[in-house]
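Each residue of the sequence shown is one higher than the one before, starting from 265 at the first, in this note's numbering. We treat Cβ as the ideally placed atom computed from N, Cα and C, and that holds for glycine. Since the structure is predicted, the reported quantities are computational estimates derived from the model, not experimental observations. Notes to accompany the following structure.
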Amino acid sequence: MPQDTPDVLVVDDDPIVGQLTLNLLKEAGLKATLTSDSEEVISFIQKAPPKLVILDVMMPGVDGITLLNQIKSDPAVQNIKVVMLSGKSFAVEKQRAYKLGADLFIEKPYDIQTFANQIISVIKGGGPKGMPLAPKAPPQPQETKSEYIPPQNVRIRIWGCRGLSPSIPSQPSRYGYQTSCVSVETPHGMFILDAGSGIIPLGHEILKRGGPKELWILMTHFHLDHVLGLGVFPCAQRAGYKIHIGGANDPEKNLQGLIQEVFYGSFSSFSQPPKAEIDLYELQEDFYDLIPNVKLSTLYSNHPTTTLCFKLEMKGKKIVYCPDSEIYGEEATALQDYDEKLANFCEGADILIHNAQFTEEDYEKHKKEGHSCPTNVLELAAERAQVKEVVLFHHDASYSDEALDWILANSQKLINQKKWKIQCQMAKEGLAIEL
Ligand SMILES: [Zn+2]
């Protein structure tokens with residue numbers, strides 16, 4: 265590569281496009297140099313800094329985005345203008361390039377009439393800078409202008425109740441396949457428990473009803489099935505919405521990092537950053553007064569990674585949500601006091617939504633993985649905690665409707681045999697409970 269200082273360094277592994285670019289720039293009176301070796305770029309611009317670098321996004325060796333990041337994060341060369349050139353014109357790719365400091369993003373094939381002038385304009389300090397809007401707005405969910413009216417009572421609704429598993433059946437299911445998300449709507453505000461894929465239909469419903477415009481999303485933990493829908497939560501894309509997000513203080517993955525990833529990184533399929541006002545709260549095992557007249561208590565759950573169980577108390581009612589929690593049952597020893605802690609936490613609950621992922625038989629193969637079987641859940645809820653109603657939750661994604669019907673029938677049989685007073689339901693999408 266020549267070492268005299270050019271105005272423009274063109275980096276392109278395609279010799280035809282590279283040569284065309286070079287010729288257009290030279291014809292426009294610019295001193296331009298071409299290289300197809302992306303590995304040399306940094307050392308070249310350190311020795312002979314050009315005014316502008318044109319980077320092809322997809323190149324063997326060091327790709328254009330990596331080079332852009334290296335240039336814009338090195339104080340010695342970060343003032344050099346960078347134009348990205350790419351055949352990949354997805355809005356997220358552009359957004360990523362602008363976020364890393366690109367001065368312009370041009371799609372291939374570019375317009376040979378205007379190309380050189382666009383480059384000159386960037387060198388002179390003009391040209392569009394900053395994050396552009398997506399060329400076309402993505403399809404937006406239905407929204408009505410109706411005024412939201414909060415309910416008089418407490419309304420619980422299941423939007424997703426499955427876990428993830430290595431095989432997902434393709435036949436339809438009466439229970440649904442969305443992952444963990446439960447809404448608890450109170451006269452004082454709405455709580456959304458976990459942000460699995462079920463949060464997406466919930467978001468559409470909130471937009472349709474015109475609110476509530478202030479929402480509390482509480483996340484028990486950051487396993488994929490519980491955060492899957494957050495980056496595409498429809499209300500996050502609406503100005504005028506205020507979303508408080510509370511999540512477990514996991515030392516491995518902090519809430520701030522997770523939010524960055526889901527709303528601004530590759531996890532989000534939105535082409536623009538969220539328009540809603542979002543604030544974050546790290547939660548630990550404690551009591552919280554989040555909104556007037558509602559008390560939140562949390563308990564660390566027996567599940568891999570830092571995981572919480574939530575208890576909401578309002579209007580004399582108690583709702584407990586433990587989507588991922590392993591009750592030891594008969595296996596419990598004096599040294600594992602989780603069953604006892606959980607029973608105290610759930611004491612007298614009106615509703616306990618608890619993990620019952622595996623049948624007893626499958627649970628034998630999955631002990632110490634952080635999930636429970638219905639028998640252990642029912643025993644703890646009915647005998648030790650005097651819970652009024654249990655909702656078996658977080659079904660294995662590979663279980664058929666027949667298997668889930670069988671689990672409910674068997675649970676009912678056990679309740680009858682033991683003469684327990686507890687009510688039992690299987691969680692399913694659309695299940696609504698009013699307290
Ligand atoms: Zn889960």
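Self-check item: Exposure label - Thr570; buried when at least 16 CB within 10 Å
Solution: buried
Quiz item: So what does DSSP say about Gln621, is it helix, strand or coil?
Solution: coil
Quiz prompt | Cut-off 7 Å between Cβ atoms - residues of its own chain near Gly394, not counting five sequence neighbours on either side | solution = With a pLDDT of 44 at Gly394, under the threshold of 50, the modelled position of this residue cannot be trusted; read the value that follows with caution. If we look at Gly394 and ignore the five residues flanking it on each side, its Cβ neighbours are Tyr362.
Quiz item: Which runs of the beta strand (DSSP E) spanning at least 3 residues fall entirely within the segment 543–570, listed in chain order?
Solution: List check, beta strand (DSSP E) in window: 551–555 and 558–564.
Quiz prompt | 6 Å Cβ shell around Ala696 - same chain, five flanking residues per side excluded | solution = Arg421
Quiz item: Around the C-beta of Leu488, are 16 or more other C-beta atoms found within 10 angstroms, so that it is buried, or is it exposed?
Solution: exposed
Quiz item: Beta-carbon separation of Lys372 and Lys345 under 8 Å?
Solution: Contact: no.
Quiz item: Would the C-beta of His658 count as close to ligand 1, meaning under 7 Å from any of its heavy atoms?
Solution: yes
Quiz item: Does the count of Cβ pairs from the segment 519–530 and the segment 487–506 closer than 8 Å reach three?
Solution: yes
Quiz item: Using the beta-carbon count (16 or more within 10 Å), is Ile470 buried or exposed?
Solution: buried
Exercise. Could you tell me whether any non-hydrogen atom of ligand 1 is closer than 7 Å to the CB of Asp514?
Key: no
Quiz item: Tell me, which residues are paired with Trp480 by DSSP?
Solution: Phe455 and His508
Quiz item: What are the uninterrupted segments assigned as beta strand (DSSP E) that are 3 or more residues long and contained completely in the segment 292–358, given in chain order?
Solution: 296–299, 316–320 and 345–350
Quiz item: Grouping DSSP H, G and I as helix and E and B as strand, with all else coil, what is Thr597?
Solution: coil
Quiz prompt | Reduced DSSP secondary structure (H/G/I, E/B, other) of Arg419 | solution = strand
Quiz item: Would the C-beta of His452 count as close to ligand 1, meaning under 7 Å from any of its heavy atoms?
Solution: no
Quiz item: Does the beta-carbon distance from Val317 to Val281 come in below 8 Å?
Solution: no
Exercise. Report whether the distance from the Cβ of Asp489 to the nearest heavy atom of ligand 1 is below 7 Å.
Key: yes
Self-check item: Val496 - DSSP class collapsed to helix/strand/coil
Solution: helix
Quiz item: Is it a yes or a no for the segment 539–556 touching the segment 506–515, going by three-plus beta-carbon pairs under 8 Å?
Solution: yes
Exercise. Consider the C-beta atom of Gly427 and the heavy atoms of ligand 1; say whether any pair is separated by less than 7 Å.
Key: yes
Self-check item: Pro430 beta carbon near ligand 1 (any heavy atom closer than 7 Å)
Solution: no
Quiz item: Does the Cβ of Phe486 have 16 or more other Cβ atoms within 10 Å, making it buried, or fewer, making it exposed?
Solution: buried
Quiz item: Any idea what DSSP makes of Gly394, helix, strand or coil?
Solution: For Gly394, the pLDDT reaches just 44, beneath the cut-off of 50, and the residue's location in the model is therefore unreliable, although a value from the coordinates is still provided. In this structure, Gly394 counts as coil in the three-state DSSP scheme.
Practice problem: Quick one: residues in its chain with C-beta nearer than 8 Å to the C-beta of Asp375, no 5 flanking neighbours on either side, listed in chain order? | Solution: None.
Quiz item: How close, in whole Å, do the beta carbons of Asp550 and Ser565 come, if the pair is a contact with beta carbons under 8 Å?
Solution: Actually they do not touch by this definition, with Cβ atoms about 14 Å apart.
Exercise. Name the one or two DSSP bridge partners that Leu576 has.
Key: Leu560 and Ile583
Self-check item: DSSP beta-bridge partners of Ile376
Solution: BP columns for Ile376 are empty, so no partner.
Quiz item: Grouping DSSP H, G and I as helix and E and B as strand, with all else coil, what is His659?
Solution: strand
Quiz item: What distance in whole Å lies between the Cβ atoms of Val305 and Leu331, which are believed to be in contact at a cut-off of 8 Å?
Solution: 6 Å
Exercise. Could you check the C-alpha separation between Asn619 and Tyr627 for me, to the nearest Å?
Key: 12 Å
Self-check item: Rounded straight-line distance, which links the Cα of Gly427 to that of Ser434
Solution: 15 Å
Self-check item: Distance CB(Val448)-CB(Lys579) smaller than 8 Å
Solution: For the 8 Å CB-CB criterion, Val448 and Lys579 do not form a contact.
Quiz prompt | Beta-bridge pairing of Gln689 - partner residues as DSSP gives them | solution = Val655
Quiz item: From Gly328, Glu411, Gly365 and Lys336, pick the residue whose C-alpha is nearest to that of Ser350; which is it?
Solution: Gly328
Practice problem: Starting from Phe369, follow the beta strand (DSSP E) in both directions and report where the run begins and ends. | Solution: Leu368 to Glu371
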